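Engineer:
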Amino acid sequence: QSALTQPASVSGSPGQSITIYCTGTSSDIGAFNFVSWYQQFPGRAPKVIIYDVNNRPSGVSNRFSGSKSGNTASLTISGLQAEDEADYHCCAYSSRTSLGWMFGGGTRLTVL
Amino acid sequence: EVQLVESGGGLVQPGGSLRLSCAASGFTLSAYWMTWVRQAPGEGLEWVANIGQDGSGKYYVDSVKGRFTISRDNAKNTVHLEMNSVRAEDTAVYYCARYSDFWHAIEYWGQGTLVTVSS
Numbered sequence: 001q002s003a004l005t006q007p008a009s010v011s012g013s014p015g016q017s018i019t020i021y022c023t024g025t026s027s028d029i030g031a032f033n034f035v036s037w038y039q040q041f042p043g044r045a046p047k048v049i050i051y052d053v054n055n056r057p058s059g060v061s062n063r064f065s066g067s068k069s070g071n072t073a074s075l076t077i078s079g080l081q082a083e084d085e086a087d088y089h090c091c092a093y094s095s096r097t098s099l100g101w102m103f104g105g106g107t108r109l110t111v112l
Numbered sequence: 113e114v115q116l117v118e119s120g121g122g123l124v125q126p127g128g129s130l131r132l133s134c135a136a137s138g139f140t141l142s143a144y145w146m147t148w149v150r151q152a153p154g155e156g157l158e159w160v161a162n163i164g165q166d167g168s169g170k171y172y173v174d175s176v177k178g179r180f181t182i183s184r185d186n187a188k189n190t191v192h193l194e195m196n197s198v199r200a201e202d203t204a205v206y207y208c209a210r211y212s213d214f215w216h217a218i219e220y221w222g223q224g225t226l227v228t229v230s231s
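Top line first, the protein sequences correspond to chains A and B.
Take the first sequence: its letter number 66 is residue 66 in the working numbering, and every next letter is one higher.
Basically the working numbering = 1-based index in the second sequence + 112.
1. Rounded to whole angstroms, what's the CA-CA distance from G128(B) to E201(B)? Just pull it up for me.
2. Applying a beta-carbon distance threshold of less than 7 Å, which residues of chain B neighbour A45(A)?
3. By the 10 Å Cβ neighbour count, where 16 or more other Cβ atoms means buried, how is V35(A) classified, buried or exposed?
4. Name the residues in the segment 58 to 86 of chain A whose C-beta lies less than 7 Å from a C-beta of chain B; which are they?
5. Opposite F180(B) in the DSSP bridges: which residues?
6. Using a C-beta cutoff of 8 Å, does Y93(A) count as contacting chain B?
7. In the DSSP output, what is E101(B) paired with across the bridge?
8. Return the Cβ separation of Y206(B) and R150(B) in integer angstroms, given the expectation that the two are a contact with Cβ distance under 8 Å.
9. Excluding the 5 residues flanking L109(A) on each side, which residues of the same chain have their C-beta closer than 8 Å to its C-beta?
10. According to a CB-to-CB cut-off of less than 8 Å, which residues of the segment 170 to 198 of chain B neighbour chain A?
11. Applying the criterion that 16 or more other CB atoms from any shown protein chain within 10 Å of the CB defines a buried residue, is L75(A) buried or exposed?
12. Take the Cβ of T140(B) as the centre, count every other Cβ of all protein chains shown within 10 Å, and call the residue buried at 16 or more, exposed below.
13. Helix, strand or coil: how does DSSP classify E83(A) here?
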C-alpha cells in the first residue's frame, strides 16, 4: 500500500482536460512544496514532467500543469492527445521516514 | 549526454544475494545524490535507497533496511546496490537514478534491470 494515494485509472477523450489527484498528509504534501510527477510508458523508464509542485522541465508540453491544495497535489493535462496515454506517478518528500521520499501507486491514463 | 546503465539483475533464490551496478557517464557523479527506485510487475514505483555525494549519507525504505546496502565509487563512476536475504517481494525492475537538488526530483533514470526472486 502506497503512502500517497492516487486513483488507479482515469480516462478522457481527445481535446478534453483531465486531473489526477495525489493525496498525502500534513507530513508530506501538506508540509513541503517538493511534489513531482512522472510519466511512464509501458516498458520504459519514468520521465519527470512536473517538479516542485508546478514547474515544468524544459521540453515538457505546457499542456501539463501541477498544483497543490492542502494535503492533495494534482496534475492536469489539457487538450488530451492520444500520445498522453501512459502511467502517471506522483512523488513527495515526507518528514515521517528517514528515507524521505515516497511515490503514489500510479494512475493509468486512457485516452478514449 | 547523461547516461545511467544498470547491470547485475537476474534470477536469484529466496535468501540469496545479488549486486546491482550502475555505470554513470556524461556528468560528474560526485556532484549528485544518487538513488535506486524499483517497480514490481504491474505495480507503482518505490523509492528504495539514497546515497549522498560523498557516500556519507545513506537512507533506505523500511522494507529493505538491514538487507540492502547502497554504495558508490565516484572515481569509477559507479553506484551499487548490494541485495542480501532477498525475498519474493523484492522481485522488480530496479532503476538507478540521479536526483536533482534544484528540482527536488529525479532528473535522470537508467533503463532498469530486472531482479526475479524465485526458487
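Note that the Cβ used here is the ideal one computed from N, Cα and C, for glycine as well.
Since the model is a prediction, treat every value here as computed from it, not as a measurement.
Structural biologist: Reading it off the structure:
1. Within the second sequence, residue 128(B) is the residue found at index 16, counting from 1. Within the second sequence, residue 201(B) is the residue found at index 89, counting from 1. Taking the straight line from one Cα to the other gives about 13 Å.
2. Here the question's residue 45(A) lines up with position 45 in the first sequence. Neighbours of A45(A) on chain B, chain order: Y207, W221, G222, Q223, G224.
3. As a first step, residue 35(A) is located in the first sequence; it is residue number 35 there, counting from the start. Flag for V35(A) reads buried.
4. Residues of the segment 58 to 86 of chain A with a C-beta less than 7 Å from any C-beta of chain B: none at all.
5. Looking up residue 180(B) in the second sequence gives position 68. According to DSSP, F180(B) bridges with M195(B).
6. Here residue 93(A) refers to the residue found at position 93 when the first sequence is read from its first residue. Interface annotation, Y93(A): in contact with chain B, CB-CB separation under 8 Å.
7. Any answer about residue 101(B) is impossible in this case: the structure gives chain B only from 113 up to 231.
8. Counting from one through the second sequence, the residue named residue 206(B) turns up at place 94. Counting from one through the second sequence, the residue named residue 150(B) turns up at place 38. A Cβ-Cβ separation of about 5 Å places Y206(B) in contact with R150(B) under the 8 Å criterion.
9. Taking the first sequence and counting its residues from 1, the one referred to as residue 109(A) is at position 109. Setting aside the 5 residues that flank it on each side, L109(A) is surrounded in the same chain by S9, V10, S11, G12, I18, I20, I77, D84, E85, A86, D87, Y88, each with a C-beta closer than 8 Å to its C-beta; the list follows chain order.
10. Answer set for the segment 170 to 198 of chain B: Y171, Y172, V173, D174.
11. Within the first sequence, numbered from 1, the residue matching residue 75(A) stands at position 75. Burial state of L75(A) is buried, judged by a 10 Å Cβ sphere holding 16 or more other Cβ atoms.
12. Within the second sequence, numbered from 1, the residue matching residue 140(B) stands at position 28. With fewer than 16 Cβ atoms within 10 Å of its Cβ, T140(B) is classed as exposed.
13. Here residue 83(A) refers to the residue found at position 83 of the first sequence. E83(A) falls in the helix class under three-state DSSP.
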